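Since the structure comes first, as structure tokens, the remarks are kept for the end.
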Amino acid sequence: MDLKPKKQKELNNEERMFLGAVEKGDVAGAKRALSEATERHINKSCKDSLGRSALVIAIENENGELVESLLAADVELEDALLYAIREEYVEAVEMILTHQLQKYGEDYLQTEFESNTFTLDITPIILAGHIDNYEIIKMLLDRGYRIPRPHDLTCHCDDCLKGSTDDVLGHSRARINAYRALASPSLIALSSKDPILTAFELSWELRNLSELENEFKTEYQELGKICQQFSVDLLDEIRGSKELEVILNHDSRSPDDDQNKENKKLNRLKLAIKYKQKRFVSHPNCQQLLASKWYEGLGNFRRKPAIKQLTIALTICFLFPVLSMIYMVAPHSKFGKLCRKPFIKFLLHAASYMSFLGLLIMVSQRIENPLFFLFPFDETKKKELRGKPATIVEMMILCYVLGLIWSEIKQIWMQGALEYIHDMWNILDFVTNSLYMATFTLRLLAFIEVYHERAANNPYAYEERKHWDAYDPNLIAEALFAGANIFSSLKLIYIFTINPHLGPLQISLGRMVADIVKFISVYFLVLFSFACGLNHLYWYYAALRAEECEAGVTHSCDIKYRSFANLFEILQSLYWAVYGLVDLEHAHLDEPHKLTELIGKLMFGSYSMIAIIILLNLLIAMMSNSYQLIYSQADEEWKFARSRLWISYFAEGATVPPPFNIFPSPKSFTNTVASVKNLLLAHTAEQKTAKWKNVRSTVSNINKREIRYQVVIRKLISRYIMNKQRPQKDEIVSQDDVNELKQDISTFRFELMQVLNSNGFETPVIHQAKTSSKKDRMWKNLSVATDTNPEQLLEEAGLIDE
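Structure (structure tokens):
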């Protein structure tokens with residue numbers, strides 16, 4: 001590749017004067033030079049020392065009359081359009097586009113040129129998107145300019161492979177330039193039928209690119225924030241509840257019927273939550289609509305005193321079994337419809353889960369009867385037997401677990417498996433339910449095994465706990481059940497999201513868990529490294545102490561000699577050393593191998609310094625940073641998390657909480673019969689006719705909704721553009737404004753002198769013009785007489801400098 005700069009062609013005096021007239025704004029002088037260009041040997045497309053042509057200079061000075069004159073003289077355009085767009089000179093852009101159309105016809109979009117200022121990937125529409133100028137973008141879009149969508153980052157097409165091979169940096173910069181233009185709010189508003197959806201999708205795509213292409217992570221994140229802010233700005237322009245509902249309920253994939261209020265399920269808001277548009281979701285307009293739907297059907301509940309609100313909530317919680325059974329029997333009754341309200345549904349599920357936790361506490365306290373306050377606990381039942389049958393409380397817990405599993409299955413069916421696993425709380429529920437099912441399975445296996453042992457008169461069936469095998473199914477089941485209890489109790493943090501004080505704390509804890517996972521990956525690397533070193537150093541001495549212990553040496557049976565016995569024991573010892581439970585005595589040797597002992601103690605001390613002083617303090621700093629980050633935007637984070645919780649209770653179904661949801665209700669029976677009937681009659685003529693009627697009705701509803709949505713979105717775009725074009729009061733005067741003022745004054749000066757000249761007044765311009773014309777004739781005559789360049793003769797004579 002030739003990296004030498006191209007040599008600039010030297011200008012003659014006439015071209016210098018021509019460019020000087022353009023620079024000063026002398027319209028008359030520039031027009032005269034253009035008209036006499038052939039006679040005066042002036043190249044209309046000549047460039048100054050900075051590589052600027054006359055057209056570019058006129059564009060930079062925003063001299064419209066000169067631009068028009070230069071275009072009329074058919075000067076070379078080259079990258080003048082890009083300069084006009086960069087200067088946001090709308091009039092010049094329009095004139096150049098018109099000239100292009102007249103000169104090149106319909107093929108003006110395919111015209112190519114070289115530019116020293118702009119790279120090859122910078123097209124007019126991309127540059128207009130960078131500066132986000134609404135008028136210029138609209139002008140270019142009307143004339144057919146478009147931005148091709150960048151290929152996927154993992155694309156293996158010929159163009160991507162060639163670009164990434166020949167110029168990796170240029171290929172990446174071209175992708176960023178394209179996305180910077182696509183993220184332009186004005187471009188999205190003008191080119192998209194659904195600008196809010198486009199902003200969501202583009203923001204999500206930029207978020208993924210920032211994770212995949214870490215070299216330009218900051219640039220992609222900034223562009224993603226621009227897209228998020230654009231959707232928020234559109235939301236600011238909403239002026240009423242009707243417009244807000246049209247925007248937030250819009251979804252082209254499902255029918256919409258104004259008479260059926262249940263179809264309005266905030267689909268656009270759910271999409272915003274899916275794409276993690278936190279600013280959009282936490283916007284006051286969205287939150288106001290969400291709150292009104294959350295407390296729907298409760299009258300003025302929000303305006304009641306806190307004591308009354310708490311009393312009503314507790315009453316509903318205590319009555320959750322009664323309300324659940326009423327809904328199962330009569331779902332369309334007054335109380336049945338009340339149970340379907342989001343807030344009531346939340347209270348029913350919360351009360352059900354609290355009851356579940358109460359049963360778990362009873363089991364942990366060895367309470368076998370839920371009515372223990374009526375029937376005192378029998379102390380003689382403390383003796384544990386293998387394979388004992390489940391108690392009443394344990395059977396109730398099994399019913400709850402089956403209800404929870406059924407709820408998760410329905411959630412997977414409604415959301416889809418991919419969306420289900422994206423929520424970490426769902427993963428926690430899956431793990432917890434799996435532990436419970438494993439517990440009940442092991443208890444069942446133990447019961448069957450003991451039953452057979454008793455049938456065979458095996459005395460091991462009646463052994464107490466202290467004589468059980470270490471891996472007895474009962475012991476394993478109890479261990480799994482204990483872990484499941486911990487996860488079930490921690491799930492209670494999820495309900496904290498409702499509270500404005502505990503909600504941000506719960507989000508901070510979630511962020512800290514991510515920090516701990518990152519920390520553990522580094523910590524275990526350090527742990528394993530030191531464990532391998534210590535194992536290589538101490539394996540012989542640990543084996544020797546074990547042999548001595550077997551031989552009856554009491555001193556060698558001390559538990560401290562087992563700390564470095566093997567790799568597994570060393571890993572445990574180093575881990576517990578972080579908490580100060582393993583001291584330096586464990587690295588002591590009975591043999592007089594002082595060097596080995598010294599190296600072992602140095603290893604142990606180095607590990608303690610790295611793990612305790614460095615890594616633990618690093619973890620504290622990471623968690624403190626996450627906490628400060630959440631609390632710096634606590635309101636936004638909390639409202640977004642609360643909205644996710646609220647939305648989960650807006651959907652139809654899952655009204656009855658566990659364990660009542662495992663019992664078939666008349667509603668489920670009716671729905672099953674209707675489904676079977678539709679399946680059997682699917683091929684009949686009447687059913688086909690009804691099906692096509694439903695299809696036509698759905699299409700009609702979609703069209704109506706789409707028209708209604710487009711009307712509202714046009715209003716929002718119009719208001720947004722008007723506010724954006726409105727001049728700001730605190731706008732600062734820039735250097736470009738000063739230069740433009742100077743150019744106007746200079747142009748006015750030359751126009752005034754031209755007027756004076758036309759009226760017979762002697763001006764400095766006239767004198768300069770007469771002197772210049774006389775001098776030109778003299779140089780011309782001298783050139784003809786000597787047949788050489790006059791400037792060269794004078795230079796050789798030493799009369800002028802080189």
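Under the UniProt record's numbering, the sequence shown is numbered contiguously, ending at residue 802. Just so it is clear, CB atoms sit at the ideal spot from N, CA and C, and this is done for glycine as well. In this text the structure is predicted, and so the values were computed from the model without any measurement.
For residue i, which beta-bridge partners are listed by DSSP?
i, result
"Lys-334", "Answer is none; Lys-334 lacks a bridge partner."
"Lys-31", "Note: Lys-31 sits in no beta bridge, so no partner."
"Ser-53", "Lys-47"
Just how far apart, CA to CA, sit residue i and residue j?
i, j, result
"Lys-491", "Leu-418", "22 Å"
"Lys-724", "Leu-319", "54 Å"
"His-283", "Met-325", "38 Å"
"Ile-307", "Cys-317", "15 Å"
"His-130", "Ala-183", "9 Å"
"Lys-276", "Leu-187", "22 Å"
"Leu-19", "Val-56", "11 Å"
"Leu-97", "Leu-81", "8 Å"
"Arg-268", "His-151", "27 Å"
"Leu-445", "Tyr-451", "10 Å"
"Phe-564", "Tyr-579", "17 Å"
"Asn-63", "Lys-24", "10 Å"
"Leu-11", "Asn-116", "19 Å"
"Glu-394", "Asn-300", "41 Å"
"Ile-610", "Gln-287", "47 Å"
"Tyr-561", "Gln-572", "13 Å"
"Ala-73", "Gln-100", "13 Å"
"Ala-272", "Leu-298", "27 Å"
"Ile-421", "Gln-415", "10 Å"
"Gln-259", "Val-246", "Reliability fails at Gln-259, whose pLDDT of 39 lies under 50, so the model's placement of it is uncertain and no value is given."
"Phe-481", "Ser-489", "12 Å"
"residue 864", "Tyr-627", "Outside the displayed range of the chain (1 to 802) lies residue 864, so it cannot be described from this structure."
Is it the case that the Cβ atoms of residue i and residue j are separated by a distance below 9 Å?
i, j, result
"Leu-404", "Pro-658", "yes"
"Leu-266", "Ile-647", "yes"
"Ile-498", "Leu-537", "no"
"Ser-231", "Tyr-220", "no"
"Ser-45", "Val-75", "yes"
"Asp-121", "Arg-173", "yes"
"Pro-235", "Phe-200", "It is worth fixing the name first, because residue 235 is Leu in this sequence and not Pro. No, the pair does not count as a contact, with Cβ atoms beyond the cut-off."
"Ile-147", "Thr-119", "no"
"Leu-589", "Val-582", "no"
"Leu-141", "Leu-190", "yes"
"Phe-346", "Lys-388", "no"
"Ser-606", "Phe-530", "yes"
"Leu-435", "Tyr-400", "no"
Given that a residue counts as buried once 16 or more other Cβ atoms are within 10 Å of its Cβ, and exposed if not, what is residue i?
i, result
"Ala-621", "exposed"
"Asp-166", "exposed"
"Gly-144", "exposed"
"Cys-227", "buried"
"Tyr-523", "buried"
"Ile-136", "buried"
"Cys-532", "exposed"
"Leu-66", "buried"
"Lys-381", "Note that Lys-381 has pLDDT 47, beneath the 50 cutoff, so the model's placement of it is unreliable and the number below is only indicative. Answer is exposed; the Cβ neighbour count stays below 16."
"Arg-303", "exposed"
"Gln-411", "buried"
"Lys-278", "buried"
"Pro-331", "buried"
"His-250", "buried"
"Leu-474", "The residue asked about is misnamed: residue 474 is Asn in this sequence, not Leu. That one is buried."
"Thr-771", "A caution first: Thr-771 carries a pLDDT of 42, below 50, which makes its placement in the model too unreliable to give a value."
"Thr-655", "buried"
"Ala-551", "exposed"
"Ser-364", "exposed"
Given 8 Å as the limit, tell me if residue i has its C-beta closer than that to any heavy atom belonging to the ligand ADP.
i, result
"Arg-279", "Within the structure as shown, the ligand ADP is missing, as the structure has no ligands at all."
Inset, instruction - With a floor of 4 residues, list each alpha helix (DSSP H) that falls wholly inside the stretch 138 to 181, ordered by position along the chain. - result: Within the stretch 138 to 181, the alpha helix (DSSP H) runs of at least 4 residues that lie entirely inside it are, in chain order, 158 to 166.
Inset, instruction - Only counting runs of 4 or more residues, tell me where the alpha helix (DSSP H) segments fall wholly within the stretch 623 to 656, in order along the chain. - result: Residue ranges of uninterrupted alpha helix (DSSP H) with 4 or more members, entirely inside the stretch 623 to 656 and ordered along the chain, are 634 to 648.
Inset, instruction - Go through the stretch 428 to 478 residue by residue and report every complete run of the alpha helix (DSSP H) that reaches 4 residues or more, in order. - result: Complete alpha helix (DSSP H) runs here, min 4: none at all.
Inset, instruction - May I have a chain-ordered list of the alpha helix (DSSP H) segments no shorter than 4 residues that lie completely inside the stretch 285 to 338? - result: Qualifying alpha helix (DSSP H) stretches, in chain order: 306 to 318, 320 to 329.
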